[in-house]
Structure formats: structure tokens, C-alpha cells
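Residue numbers (the numbering used here): 55 to 98.
No residue lacks a Cβ here, since even glycine has one placed at the ideal position from N, Cα and C.
From a predicted model like this one, the values you see are computed outputs, not experimental measurements.
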């Protein structure tokens with residue numbers, strides 16, 4: 055849910071939600087949730 059895989063990226067396993075991945079094999083480069091949304095999601 056909400057994960058992004060960069061162009062020509064290859065996912066060999068499940069991706070974490072709301073994370074940006076690049077490369078072959080795909081490696082996470084950063085979280086794409088804004089700080090406020092992340093805090094709200096953790097509080098739920």
C-alpha cells in the first residue's frame with residue numbers, strides 16, 4: 055500500500071508500505087509519508 059518502485063526496479067520480495075525503492079534488487083531509499091501523517095498513523 056503506497057509503496058513506489060522506481061523505473062527498471064526489480065522487487066524480489068514484498069515491499070514495505072509507504073516507502074520508495076530503487077534498483078535491482080530494489081532497495082529502500084526513503085519513507086514517503088509526511089511527518090504529520092506518520093505520527094497520526096502510529097497513533098491509530
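DSSP-derived helix/strand/coil call for residue i
{"i": "residue 69", "result": "coil"}
Residues near residue i in its chain [Cβ-Cβ closer than 7 Å; skip 5 each side]
{"i": "residue 79", "result": "64, 66"}
Cut-off 6 Å between Cβ atoms - residues of its own chain near residue i, not counting five sequence neighbours on either side
{"i": "residue 83", "result": "74, 76"}
{"i": "residue 87", "result": "72"}
{"i": "residue 60", "result": "76"}
{"i": "residue 55", "result": "71"}
{"i": "residue 68", "result": "none"}
8 Å CB neighbourhood of residue i in its chain, flanking five on each side removed
{"i": "residue 58", "result": "73, 74, 75, 86"}
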